[in-house]
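K.L.:
Read top to bottom, the protein sequences are chains C and G.
When we follow UniProt numbering, the leftmost residue of the first sequence carries the number 1, and every step to the right adds one.
When we follow UniProt numbering, the leftmost residue of the second sequence carries the number 1, and every step to the right adds one.
2 protein chains.
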Amino acid sequence: MKATQLWFTEDQTPGYKVQWRLREVLHTEQTPFQELAIVDTYDFGKALLLDGIIQVTEKDHFIYNEMITHIPLSAHPNPRRVLIIGGGDGGALRECLKYETVERVDMVEIDEQVVANCEKYLPEIASEFRNPRARLIFEDGLKYIKTVQGEYDVVIVDSSDPVGPAVQLFERPFYEDVARALKDDGLMVCQSESPFFNIDVLRKVVTALRDLFPVVRPYLAVIPTYPSGLWSFTLASKKVDPLAVPRERLKARDTQYYNPDMFYGAFVLPEMVKRAIE
Amino acid sequence: MKATQLWFTEDQTPGYKVQWRLREVLHTEQTPFQELAIVDTYDFGKALLLDGIIQVTEKDHFIYNEMITHIPLSAHPNPRRVLIIGGGDGGALRECLKYETVERVDMVEIDEQVVANCEKYLPEIASEFRNPRARLIFEDGLKYIKTVQGEYDVVIVDSSDPVGPAVQLFERPFYEDVARALKDDGLMVCQSESPFFNIDVLRKVVTALRDLFPVVRPYLAVIPTYPSGLWSFTLASKKVDPLAVPRERLKARDTQYYNPDMFYGAFVLPEMVKRAIE
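Written as structure tokens, this is what we have:
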């Protein structure tokens with residue numbers, strides 16, 4: 001589309017919105033779980049939207065997907081079995097498979113249509129669904145996690161925002177189930193929203209996890225297409241403290257954002273974030 | 001204004017724009033140098049715009065102003081004389097005066113109307129123009145810097161984007177003048193734009209400074225109202241390497257973003273930024 005200007009708008013707060021100019025809306029559908037769209041933006045490449053919110057773009061997906069994966073997988077001394085809850089775009093899965101110790105990644109995605117459409121429209125991100133070390137399970141992560149015990153080294157909770165299908169993934173009963181699904185030296189990570197716009201979400205997640213895990217460490221990355229750019233993840237661990245991981249154990253991993261220095265740098269919190277979760 | 005929706009739009013790239021809902025446009029004027037506006041936004045408080053670009057908002061100004069000030073002033077072992085070029089909102093000046101060693105801050109701002117309007121509309125940020133340790137000079141920083149030699153411990157180049165009056169502040173001849181204005185153990189810092197949208201600016205600044213200073217260290221902060229959120233500064237030093245500053249010399253300084261851990265954390269660069277400036 002050239003003559004007609006087509007813009008996608010995301011209301012990030014009631015008084016603050018972001019707009020992307022589109023070449024084309026490639027696909028829309030109402031799945032059993034959410035409204036799904038694939039759009040082609042001028043400046044960020046193709047993007048997946050769920051319920052009108054940008055989830056992933058070709059231009060900056062690597063930041064989120066590397067940071068939700070390489071921090072926990074580099075923190076764990078020997079990650080062999082990994083569970084991803086959500087992660088339907090396939091980016092976290094792709095990063096997990098860069099670890100030669102990883103024998104199998106189970107990915108539990110509630111919405112099969114997310115996987116199907118990412119494979120079709122975002123093949124560079126969704127590149128590893130057919131990898132023999134990957135096992136896709138189309139099921140509600142909340143239900144699946146109750147069926148496993150002491151099975152995983154690392155659990156990655158790669159969810160959308162705490163509205164719609166992902167609400168309970170931000171609540172304590174779910175984290176109890178994750179703790180049970182982990183081995184005795186296991187660790188989990190979840191995305192915990194923008195500390196700039198939604199510090200309450202981060203505070204709630206950290207508080208709930210501190211009741212269940214001896215080591216809880218929030219960390220940050222800058223993701224331009226997410227509200228405010230400042231994005232948080234929270235790592236919770238039964239044994240290993242990521243800040244005690246020796247530098248010489250960390251490797252370069254064919255990444256564009258993550259690197260061994262960032263492994264430590266990401267845990268440095270701005271003063272207002274540090275104070276808010278004390 | 002309630003019934004009428006009033007929105008301010010900033011085109012951050014040709015296909016990506018950000019909009020803030022406004023309560024009111026408080027002031028507009030054409031100064032001899034630029035178009036100046038003060039607006040009252042719903043979600044970021046009052047804001048200063050120059051030539052249609054958001055410079056500073058009440059909600060997140062502290063991030064930029066702390067990071068352009070506390071990193072260089074904490075890196076220098078004994079900052080006594082500081083020069084700010086630009087900085088008309090007064091935020092960097094306010095932060096400089098938190099250092100008890102600082103005897104005088106000279107602030108050279110080309111546009112007196114920026115200072116006058118910030119003092120009127122953003123008094124919490126522009127709070128120290130009348131401090132006895134502050135000296136305001138309304139002059140072109142490019143001209144002023146040629147008149148001084150070996151005078152400053154720290155020079156802070158707090159400029160707007162490299163369009164309009166600030167273009168030459170991103171070029172080598174100016175940096176040569178800054179080097180001359182610094183004492184033998186002095187250091188400078190400048191804002192060097194978004195590495196996500198404008199990596200060429202950062203690359204050019206770093207390259208020019210590496211020709212003139214033995215130590216050049218870019219660092220980052222997350223500033224939600226600036227394009228992409230990811231913002232760079234570049235520190236260039238004649239002697240001190242900030243990464244060699246001992247932890248015990250760093251103090252807490254009544255800040256909301258900066259803290260002693262952030263002093264080191266800010267220098268950790270994402271892999272794509274690191275590679276781009278190699």
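Yeah, the Cβ is synthetic: ideal placement off N, Cα and C, and Gly gets one too.
Does DSSP classify G:TYR226 as helix, strand or coil?
P.N.:
Residue 226 of chain G sits at position 226 when you count from the first residue of the second sequence. The answer is coil: DSSP assigns G:TYR226 none of H, G, I, E or B.
K.L.:
Between which two residues does the alpha helix (DSSP H) harbouring G:GLY141 extend?
P.N.:
Position 141 of the second sequence holds residue 141 of chain G. Segment 141 to 144, the alpha helix (DSSP H) holding G:GLY141.
K.L.:
Under 8 Å, do G:GLN19 and G:THR9 count as touching if we go by C-beta distance?
P.N.:
Looking up residue 19 of chain G in the second sequence gives position 19. Looking up residue 9 of chain G in the second sequence gives position 9. Against a cut-off of 8 Å, the Cβ pair of G:THR9 and G:GLN19 comes out as a contact.
K.L.:
Quick check: what's the CA-CA separation for G:ARG210 versus G:GLU124?
P.N.:
Within the second sequence, residue 210 of chain G is the residue found at index 210, counting from 1. Within the second sequence, residue 124 of chain G is the residue found at index 124, counting from 1. For G:ARG210 and G:GLU124, the distance between alpha carbons rounds to 37 Å.
K.L.:
Whole beta strand (DSSP E) runs in the stretch 164 to 212 of chain C with 3 or more residues, listed along the chain?
P.N.:
182 to 191
K.L.:
In chain order, what residues of the stretch 254 to 273 of chain C put their CB closer than 7 Å to some CB of chain G?
P.N.:
Taking a C-beta cut-off of 7 Å against chain G, the contacting residues of the stretch 254 to 273 of chain C are THR255, GLN256, TYR257, TYR258, ASN259, ASP261, MET262, GLY265, VAL268, PRO270, GLU271 and MET272, listed in chain order.
K.L.:
Find out if the Cβ-Cβ distance for the pair C:ASP106, C:ILE63 is shorter than 8 Å.
P.N.:
As a first step, residue 106 of chain C must be located in the first sequence, where it is residue number 106. As a first step, residue 63 of chain C must be located in the first sequence, where it is residue number 63. No, these two residues do not count as a Cβ contact at 8 Å.
K.L.:
Using 8 Å as the Cβ pair cut-off and three pairs as the minimum, do the stretch 183 to 190 of chain C and the stretch 147 to 166 of chain C touch?
P.N.:
Taking 8 Å as the limit for Cβ pairs, the verdict is that the stretch 147 to 166 of chain C does touch the stretch 183 to 190 of chain C.
K.L.:
List, in chain order, every chain G residue whose beta-carbon is nearer than 7 Å to that of C:LYS17.
P.N.:
For the purposes of this step, residue 17 of chain C is taken as the residue at position 17 of the first sequence. GLN19, listed in chain order.
K.L.:
Would you tell me roughly how many angstroms separate the C-alpha atoms of C:PRO270 and C:GLN55, rounded to the nearest one?
P.N.:
Mapped onto the first sequence, residue 270 of chain C falls at position 270. Mapped onto the first sequence, residue 55 of chain C falls at position 55. Approximately 25 Å between the Cα atoms of the pair.
K.L.:
State yes or no: is the beta carbon of C:MET28 nearer than 8 Å to at least one beta carbon in chain G?
P.N.:
Translated into the one-based positions of the first sequence, residue 28 of chain C becomes position 28. The identity of residue 28 of chain C in the sequence shown is Thr, whereas the question assumes Met. Chain G contact via Cβ: absent.
K.L.:
Applying the criterion that 16 or more other CB atoms from any shown protein chain within 10 Å of the CB defines a buried residue, is C:ASN78 buried or exposed?
P.N.:
Within the first sequence, numbered from 1, the residue matching residue 78 of chain C stands at position 78. Exposed, by the Cβ-count rule.
K.L.:
Could you tell me if G:THR57 is buried or exposed, where buried requires 16 or more neighbouring beta carbons within 10 angstroms of its beta carbon?
P.N.:
For the purposes of this step, residue 57 of chain G is identified with residue 57 of the second sequence, where counting begins at 1. Answer is buried; the Cβ neighbour count reaches 16.
K.L.:
Note down, in chain order, every chain C residue with its Cβ under 9 Å from the Cβ of G:TYR42.
P.N.:
Residue mapping note: residue 42 of chain G aligns to position 42 of the second sequence, counting from 1. Those within 9 Å of G:TYR42 in chain C are THR13, PRO14, GLY15 and TYR16.
K.L.:
If we count the other Cβ atoms within 10 Å of its Cβ and call it buried at 16 or more, is G:LEU243 buried or exposed?
P.N.:
Walking along the second sequence from the start, residue 243 of chain G turns up at place 243. Answer is exposed; the Cβ neighbour count stays below 16.
K.L.:
Have a look at C:ALA126, C:HIS27, C:ASP254 and C:TYR226 and flag the residue whose alpha-carbon is nearest the alpha-carbon of C:PHE196.
P.N.:
Within the first sequence, the letter at position 196 stands for residue 196 of chain C. For the residues C:ALA126, C:HIS27, C:ASP254 and C:TYR226, the minimum Cα distance to C:PHE196 belongs to C:TYR226.
K.L.:
So for G:THR147, helix, strand or coil by DSSP?
P.N.:
Mapped onto the second sequence, residue 147 of chain G falls at position 147. Three-state result, G:THR147: helix.
K.L.:
In this structure, what does DSSP give as the bridge partners for C:ALA236?
P.N.:
Counted from its first residue, the first sequence places residue 236 of chain C at position 236. C:ALA236 pairs with C:MET188 and C:VAL216.
K.L.:
For G:SER160, decide whether its Cβ has a neighbour in chain C, counting only Cβ atoms nearer than 8 Å.
P.N.:
Here residue 160 of chain G is taken as the residue at index 160 of the second sequence, counted from 1. With 8 Å as the cut-off, G:SER160 does not count as an interface residue toward chain C.
K.L.:
Could you check whether G:ASN117 and G:ILE38 sit closer than 8 Å to each other, using their CB atoms as the reference points?
P.N.:
Here residue 38 of chain G refers to the residue found at position 38 of the second sequence. Here residue 117 of chain G refers to the residue found at position 117 of the second sequence. Contact flag set, yes.
K.L.:
Is the separation between the beta-carbon of G:GLU151 and that of G:ARG81 shorter than 8 Å?
P.N.:
One-based indexing of the second sequence puts residue 151 of chain G at position 151. One-based indexing of the second sequence puts residue 81 of chain G at position 81. Yes.
K.L.:
With a Cβ-Cβ cutoff of 8 Å, do C:VAL216 and C:VAL206 count as a contact?
P.N.:
Position 216 of the first sequence, counted from the start, is the residue given in the question as residue 216 of chain C. Position 206 of the first sequence, counted from the start, is the residue given in the question as residue 206 of chain C. Taking 8 Å as the Cβ cut-off, C:VAL216 and C:VAL206 qualify as a contacting pair.
K.L.:
What are the start and end residues of each continuous beta strand (DSSP E) run of 3 or more residues lying completely inside the stretch 66 to 112 of chain C, in chain order?
P.N.:
81 to 86 and 104 to 109, all fully within the stretch 66 to 112 of chain C.
K.L.:
State the start and end residues of the unbroken beta strand (DSSP E) segment that holds G:GLU10.
P.N.:
In the second sequence, counting from the first residue as 1, residue 10 of chain G sits at position 10. Unbroken beta strand (DSSP E) run through G:GLU10: 6 to 13.
K.L.:
Per DSSP, G:HIS61 is paired with what?
P.N.:
Walking along the second sequence from the start, residue 61 of chain G turns up at place 61. DSSP, once it has assigned bridges, lists no residue as partnering G:HIS61.
K.L.:
So is G:GLY91 buried or exposed if we call it buried at 16+ other beta carbons inside 10 Å?
P.N.:
The residue given as residue 91 of chain G occupies position 91 in the second sequence. G:GLY91 should be labelled buried.
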